[in-house]
Each structure stands twice: as structure tokens, then as C-alpha cells.
């Protein structure tokens, strides 16, 4: 069975995540390293909240990365064993937005402390680039929605599809006025629902250009290594393995749509028949069920699911 490990992004966080994992020494060390690296009680935010603080973009991003890496460490028996564990068991990797950093740690292409510092900075910059809005559009195909976004952009400034999540679940992003018009037009054209998202800005849209420009020097200096397992790009849905590919990818990712549908389809076309979601929640499994209904889907987050996954190997 060909396996892909996939990693969730912002929105998957929940107070209490990782608390039961911390009984395992390997996971506990990951949380302690995160706290020490950032000088911030990431572990307490994950285990206890409060929810408002955990949900803040600059906190949610390092918290979710830490959660995914803690799960991997619990599976592998230590942080330093993660790349070998992943290379033995996965033939492809992908992460949704922020989750791409988790995938790069899993692939041995980026060390965990460097990834932590990058996503903390990424979250701060994305939170500062506020002033836009996002909304989930349920039950409308991408063709009509792209036309709606073009019309809203002409009237109110940039509005784009930011996340191609699954058939019938798309997310738009842009100016507040433009997103409001696009939501109304989408409902008028048959969308089942148009739901505003509680986010601090217009992620994965041109309104994030300042954040991308500010993060670019840090990404170029990050010291990426070649990936032991291909990481499928959010931007192009193509597999990346070369160290030189990752900084340009992560810079472009901030202002580009997350092509999750195409990424999953590419992995499935390459032979992937099992997707293992590593980290908080089961959001990606829900999306993949719609994109690749024949695939086996597993979510590994809490201690029981870690034990079950290891027992099945």
C-alpha cells in the first residue's frame, strides 16, 4: 500500500490537543523544545488554552506545527528519528498551508527549531497584514465561483479563491467589500452556504504580499535540505524534493491558493492509496474522503491513535 502523510493547517487547532501525548517522553520533549525555542508556553496554549489565545494566528501556527511534530516523534520514538521513520513508511507528503512546514520537517528538509521560528514569524506577519476577509463557499463549482470573484475584484479590489479544499468546498479571500459581494453573488447562483471565516486577514491572496516580502529573507536563509520523501506543493500540486525549491515555494504560498484538490489527485494518480493525517483533528480526512473516496483514510493525533497506528504496522 502506497502511503502519503498529510499535515493540517490553521483552523484545526483545539484546546487540549497534545495533552495525552505528553505522557510519551518523545512527544514531551518536542513540546519542551518548542517552549524553549520561542520563549513562549506553546505547550500550555495547546493543553489548556485559552482558546482565544490559541486561535490567534501568531500562536496557532507554531502550536499546530508543534502538535504534528509531537505526533511524529511519538510514532518514531524521538525527534531525531522522524525522517527515517517517515522515509520507511511514506512515499509522499503534503501539508495544507501551514502544514507544508510540518511536511518539510517530516521529510528532513527543515529542522524543527528553524520551522518553529519561521511559522511564528509567518503568523505574526500574516496577522499584521490585516484588513481583508475570507469566506467558505459550499456547494458551488470552481468555474462559476472564479467568475464571481473576477466580478467582485473589478468592483471592490482583489477577491480570489484561496483554498481549493474539496469538491463543493472552496474558500475565497480578499477585500472585505469584495468578499461580501462574492458571498452574496455565490448564494444567488446556487451556493448552499456562504460562511464568513474568523480569521485576521485575507490569507492566500494578493493582500498578503507585504507578509510574503517580509518573510522572504528568512526563508532564503533557512538552510533547507533535500527532502527524503517528495513534498507536494500547495502552489503547483507538483512534488518537490530539491532544497532549492522550498524557499520559493513557501514565499509564493503566502499569496497563492492552496491547491489541495489537485495535490490529492496528483498523489492518488501516482499510486497513493492510503492517506495518514498527522496532527490535530481530522479536517483533511474529511476533505480527502470527497476527493479520493476509494483511499484508506487514517487520522493520528491523540495517544490512542498513535498506539493503534503503531500496532497495525
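Residue numbers (my numbering): 63 to 375.
In this text, a Cβ means the ideal position worked out from N, Cα and C, and glycines have one as well.
Note that this is a predicted model, so its numbers are computed, not measured.
Item: So what's residue 139 in DSSP terms, helix, strand or just coil?; Value: coil
Item: Quick check: what's the CA-CA separation for residue 342 versus residue 280?; Value: 27 Å
Item: Does residue 121 come out as helix, strand or coil in the three-state DSSP assignment?; Value: helix
Item: Return the CA-CA distance between residue 131 and residue 178, expressed in angstroms with no decimal places.; Value: 10 Å
Item: Which one or two residues does DSSP pair with residue 222 in a beta bridge?; Value: 235
Item: Per the DSSP calculation, residue 343 is bridged to which residue(s)?; Value: BP columns for residue 343 are empty, so no partner.
Item: With H, G and I counted as helix, E and B as strand and the rest as coil, what does DSSP make of residue 316?; Value: coil
Item: Using only the alpha-carbon positions, how far apart do residue 351 and residue 165 sit?; Value: 20 Å
Item: Tell whether a beta-carbon distance below 7 Å holds between residue 183 and residue 124.; Value: no
Item: If you draw a straight line from the alpha carbon of residue 345 to that of residue 216, how long is it in whole angstroms?; Value: 33 Å
Item: Who are the Cβ neighbours of residue 309 in its own chain at under 8 Å, not counting the five residues just before and after it?; Value: 278, 281, 282, 284 and 286
Item: Assuming residue 196 and residue 264 form a contact by the criterion Cβ under 8 Å, report the distance between their Cβ atoms to the nearest whole angstrom.; Value: 6 Å
Item: In chain order, which continuous runs of the beta strand (DSSP E) of length 3 or greater are located wholly inside the region 247-307?; Value: 255-258
Item: Compute the distance between the beta-carbons of residue 206 and residue 266, then report whether it is under 7 Å.; Value: no
Item: Leaving out the 5 sequence neighbours to the left and right, which residues in its chain are closer than 6 Å to residue 161 when beta-carbon positions are compared?; Value: 69, 70 and 71
Item: Whose C-alpha, out of 99, 84, 189 and 136, is nearest the C-alpha of residue 316?; Value: 189
Item: Quick one: measure Cβ to Cβ for residue 82 and residue 365, integer angstroms, because I've assumed they're closer than 8 Å.; Value: 4 Å
Item: How would you call residue 301, buried or exposed, if buried means at least 16 neighbouring beta carbons within 10 angstroms?; Value: buried
Item: Just list the residues that DSSP pairs residue 196 with in beta bridges.; Value: 235
Item: In the DSSP output, what is residue 64 paired with across the bridge?; Value: According to DSSP, which records beta bridges pairwise, residue 64 is partnered with nothing at all.
Item: Would the beta-carbon of residue 214 fall within 7 Å of that of residue 240?; Value: yes
Item: Under the rule that 16 or more other beta-carbon atoms within 10 Å means buried, what is residue 120, buried or exposed?; Value: buried
Item: In chain order, what residues of the same chain have a beta carbon less than 7 Å from the beta carbon of residue 326, not counting five sequence neighbours either side?; Value: 350, 353 and 354
Item: Alpha helix (DSSP H) containing residue 362: first to last residue?; Value: No alpha helix (DSSP H) holds residue 362; the beta strand (DSSP E) holding it covers 358-362.
Item: Grouping DSSP H, G and I as helix and E and B as strand, with all else coil, what is residue 74?; Value: coil
Item: Which of the three DSSP states is assigned to residue 379 in this structure?; Value: With the chain covering 63 to 375 only, the question about residue 379 has no answer from this structure.
Item: So for residue 105, helix, strand or coil by DSSP?; Value: helix
Item: Cβ of residue 152 within 7 Å of Cβ of residue 93?; Value: no
Item: Would you decide whether residue 180 is buried or exposed? Buried here means 16 or more other CB atoms lie within 10 Å of its CB.; Value: buried
Item: Mind checking whether residue 220 and residue 268 have CB atoms under 7 Å apart?; Value: yes
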